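First the structure, in the form of structure tokens, and then the observations on it.
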Amino acid sequence: MGKGFFISKTVVIVGGILAAGALATIIALSVVYSQEKAKNDSFQVLTTPEPPVTATGTPTGTPTGTATGTPTVTPTGTVTGTPTGTPTGTATGTATGTAAPSNKPWDKYRLPKSLVPDHYNVTLWPRLTPNETTGLYIFTGESSVEFECVEETDLILIHSNKLNYTIRENGQRAVLTSVNGEKAPSITKSWRRTETQYLVLELDGKLTKNSMYRLSTIFTGELADDLGGLYRSEYMENGVKKVVATTQMQPTDARKAFPCFDEPAMKAVFHITLLHDNGTMALSNGMEKSSTNITRDNQEVLQTVFEPTEKMSTYLLAFIVCDYDFLNNTIDDVLIRIFARKPAIAAGQGDYALNITGPILKFFEDYYNSSYPLPKSDQIALPDFNAGAMENWGLITYRETALLYDESFSSNSNKERIATIIGHELAHMWFGNLVTLRWWNDLWLNEGFASYVEYLGANNAEPLWNVTDLMVLADVHRAFGVDALATSHPLSSKEEDIQTPAQINELFDAISYSKGASVLRMLSDFLTEDVFKQGLQTYLDEFKYNNTVYRDLWDHLQRAVEKSDTVQLPNTTHNIMNTWVLQMGYPVVTINTTTGMISQQHFLLDPDSNVTTPSPYNYEWIVPIKWMKNGETQTPLWLTSKSATNESVKASDSDWVLANIDVVGYYRVNYDQGNWQRLLHTLSNNHELIPVINRAQIVDDAFNLARAKIIPTVLALDTTKYLINETEYMPWESALDNMDFFYLMFDRSEVYGPMQQYLKQQVTELFNHYTETTDNWASVPEGHMDQYNQVNALSLACRTGLPECLTVVKTKFNDWMEKDVPIHPNLRSVVYCNGIAAGDAKEWDFAWSKFKNTTIASEAEKLRSALACTTQPWLLNRYLEYTLDADMIRKQDATATIISIASNVIGQSLAWDFVRTRWSYIFNQYGGGSFSFSNLITGVTERFSTEFELVQLKQFKADNAEVGFGSGTLAIDQAIETTGSNIKWIAENKQNVLDWFNAEIKPQ
Ligand SMILES: [Zn+2]
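Take the numbering used here: the last position of the sequence shown gets the number 1009, and nothing is skipped along the way.
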């Protein structure tokens, strides 16, 4: 699945500024824009409406291996030290044991190994108008599956969720026949096990080993608007309501569309037929083979038959019926089509996606050295879609904002998202679809890989953007955040720890995506891209149409290393990568330039936190270190032990050392005090001597090391002083990300005023720079990153109350509201937010009506976020209520909207009250996939930093123990941990931070 909606770091700040009446008035200002760039994942949550399985039990991983080795730091190439441990157990912090209701096969979440599907024939008929008597939207279907019996059994278990079966001539819910002509056993009992989502068929005799059987069913399901399985999406077109039937199967909802062996390793060929009304089109993974008029149930319908699929997993299936239009072209015999609502296609909104898809496909064909495996590549934009996108093989589904581009409405960040998400999904066509991980515990490799190479694909389509650099902010820094908690978890989980749909869903998190991407980027760097590609290519070739475990990739990469003359590693690929994959967290590497000592320690944001998850490597890593001295690149080093000494890193009084060049390594870096001072000196005197990504790194590392009490907070603040001379985006963005934390901690305290004053001082130059170079904000800069930084300048200048900035945004908002003067799409989020914050119900209602009437999804998204910027509590409360009404806020956007409101300092407590008083309602109503519970909990509790809030949070956990938290279970514990460390942090830092800001403020 692709990345979902954007939520992670919206901060709405209330700043005191002087209003016209000379009274201090309150204006909420925001950096909603940063929310657009911040990527987050939204995922399906539970797949059952019933109360979820209460996860009980304790983490069961027992690490048995230990890494040993001789402490050394050596230049690349010299292999010393021999870590030999082969850990066989991985301890995962997330997986709680699964208490199956009984030991019966149907009470186990995993299928028995007795039956293996070969192919299915599936006919589905989704009705796009409600049933006249019940008022429900439904679908009907017929399915048969031919499977081989590989172990004798008298029981058939096949996944099925929320399907009602027609009782057949044998009095049962299914009919079993033998394919080879011999007699099949009779079904004696057929029933549904809702807890574990099976159709259970008990037989009067055993199925014969190596024989083939056919199981046929006829069934009905609800075409609900629950965003899971086969579901319904709606939109208005010229005043007429249109209904789309579409699917989201990953991870466990194919079973909600038809009965199937719904595990990724149960690959089969699918023969799909869809019945649909005249005037609609039907799409699926395969190419349409024929479309004929037939009569069924006294209705004239079209019957569209598709070419059989390749051998594939159920979670990659897609079935769609809609009244859409499309664009197409052909690249080397591959048909590329972009489908969307008719007006969107007519307005040219599919053009950009169409233009970049061909080149990105060609790029990946070359990268994988493997032709695109299918004859067509369809991509479709859906009005209601829970994730960002889904890589169904041959028919990729997207949120509209992730596929449709309109120059007059879409910002450069919208455009970047389209390019990267198309890159992500197309990368899966091979990695994930052609070769599939055996079970969900290895999800991180699938998603981490796609999240890494999506940047390579996008970079190929848009070479001027330097988009591969941006991965450091969007993924490496993001992963650093969560992975520094004691409640983090290793990338790799044990297969047996991941059983229930909720446990599977919980894996779709920042660790799997962003940490996965970060460690693969590091791996590709130290192997060199050529060797990495070589291993990848033989891996894909060996396992095509099949399944793997993550170690299979390491095997192929290691073989590629052994064939190479140039790459020499201190250990095998397996042993190096195991230290990054089998234990949670990452190290901070400390370089002492006085003694030459290099050491590592597990980096914990809260140094007092209690790490209860054991590690097979005792929280030590094999660390590749690229570094420079005085701006000159040096021979890379490997740290293969806890600490080691290397003469080359010693530095004299005038030398500065900088490590982790371009942040290719997944770790933070600390130095001795002298080297820190020399880096600060270089930043203030000639910052361009330090590579731009590392300027962003120095700021981010310093702030986080300070939070972990490794360096003083004032040293971190010192890294922001040079920004007065900085015009590059990445360092500014890094600083703003970290200041967001300061805002969250201090926007309700006396530190707030001096902090605002200081930041205003720092950003004024940048604001003036863009005032001059963009004709007083009438235009936008040329460069992609410059465009981002222009928005940062506007956002921060207004947030800190710079009067010239407030004039710019208020004028733009009023001209838009009163005279319909359009605002450049890049600047809209900031202008909308500030305009709404400065106004009252009139401005809010105006923006709301624009939101309801726009047919452009990216415009709706900007307005939806900005509506949370109001400072009026009653408007915020009313807006919160809208999130539970799908006619007001689409279900896919409910979580993000609540989080936006919580980011507003005034909305914070309102959103928290809303969530906790309605938890059980939200959980039961939206358990079916439309709420991302973990994002919701993380987002709503982000500002928590008082004892009172901690008590409330714990109470919330206790009060809802019965209802449960589903995919938000881990997020609750993380929120409690984070709140605790916030409380301590404020107690320890408030005074010195206040003093620092006061000392830095220049008299006005
Ligand atoms: Zn993905």
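Backbone N, C-alpha and C fix where the C-beta goes; we use that ideal spot for every residue, glycine too.
Note that the coordinates shown come from a computational prediction; the quantities given were computed from them, not determined experimentally.
Inspect the beta-carbon positions of residue i and residue j and report whether they are closer than 8 Å.
i	j	result
tyrosine 373	leucine 545	yes
methionine 317	tyrosine 377	no
asparagine 665	tyrosine 676	no
proline 495	leucine 558	no
asparagine 797	leucine 741	yes
threonine 309	histidine 281	yes
arginine 260	glutamine 202	yes
glutamate 405	leucine 379	no
isoleucine 904	threonine 951	no
arginine 1048	aspartate 389	Summary: the structure shown does not reach residue 1048, with the chain confined to residues 6 through 1009, and so no result is reported for it.
valine 566	leucine 525	no
proline 256	leucine 442	no
glycine 291	phenylalanine 311	yes
valine 697	glycine 670	no
isoleucine 991	methionine 750	yes
threonine 876	alanine 846	no
aspartate 752	valine 910	yes
glutamate 430	alanine 394	yes
tyrosine 357	arginine 346	no
tyrosine 518	glycine 453	yes
phenylalanine 938	alanine 976	yes
For residue i, which of the options has the nearest alpha-carbon?
i	options	result
aspartate 560	Ile581, Asp570, Lys316 and Ile277	Ile581
proline 313	His124, Gln762 and Thr577	His124
phenylalanine 928	Thr951, Arg948 and Ser972	Ser972
leucine 450	Asp918, Leu528 and Ala992	Leu528
cysteine 327	Thr951, Thr134, Gly453 and Asn576	Thr134
arginine 173	Leu220, Arg483, Ile365 and Phe266	Leu220
serine 296	Thr278, Asp302 and Asn290	Thr278
tryptophan 782	Gln766, Leu915 and Leu799	Leu799
proline 348	Gln897, Thr860 and Glu947	Thr860
proline 736	Arg700, Ser646 and Thr362	Arg700
methionine 822	Ala802, Ala852, Gly590 and Thr805	Ala852
glutamate 777	Glu809, Gln762 and Gly758	Glu809
alanine 432	Phe747, Phe414, Ser416 and Asn465	Asn465
aspartate 230	Val205, Leu915, Thr251 and Tyr218	Thr251
threonine 492	Lys1007, Thr984, Phe1002 and Ala1004	Thr984
threonine 599	Leu685, Asp660 and Trp849	Asp660
Less than 8 Å between the CB atoms is what I'm expecting for residue i and residue j, so what's the real figure, rounded?
i	j	result
lysine 381	leucine 340	4 Å
methionine 633	leucine 610	Not a contact, Cβ separation roughly 27 Å.
threonine 222	cysteine 154	Contact doesn't hold; Cβ gap of about 18 Å is too wide.
isoleucine 336	glycine 355	The Cβ separation is near 16 Å, so there is no contact.
asparagine 446	lysine 520	About 15 Å; that fails the 8 Å criterion.
Counting only beta-carbon separations shorter than 8 Å, does residue i have a partner in chain D?
i	result
tryptophan 196	Absence of chain D from the displayed structure is noted, only one protein chain being present.
Applying the 10 Å Cβ sphere with the 16-neighbour rule, what's the burial state of residue i?
i	result
isoleucine 299	exposed
glutamine 996	exposed
lysine 272	buried
lysine 44	Low per-residue confidence applies at lysine 44: pLDDT is 29, beneath 50, and the placement is therefore not dependable, though the value from the model is reported in the following sentence. It counts as buried.
methionine 241	exposed
leucine 34	Unreliable placement is indicated for leucine 34, whose pLDDT of 26 sits below 50; the coordinate value is still reported in the next sentence. So leucine 34 counts as buried.
valine 1010	The question about residue 1010 has no answer, for the chain in this structure spans 6 to 1009.
phenylalanine 953	exposed
glutamate 421	buried
glutamine 792	buried
glutamine 253	buried
threonine 139	exposed
threonine 812	exposed
histidine 164	buried
alanine 392	buried
isoleucine 729	exposed
tyrosine 550	exposed
serine 191	exposed
alanine 455	buried
threonine 103	Interpretation of threonine 103 is limited by its pLDDT of 43, a score under 50 that renders its predicted location unreliable; the figure taken from the coordinates is listed afterwards. By the 10 Å Cβ count, threonine 103 comes out buried.
For ligand 3, is there any heavy atom lying closer than 7 Å to the beta carbon of residue i?
i	result
alanine 455	With respect to small molecules bound, the structure shown includes ligand 1 and not ligand 3.
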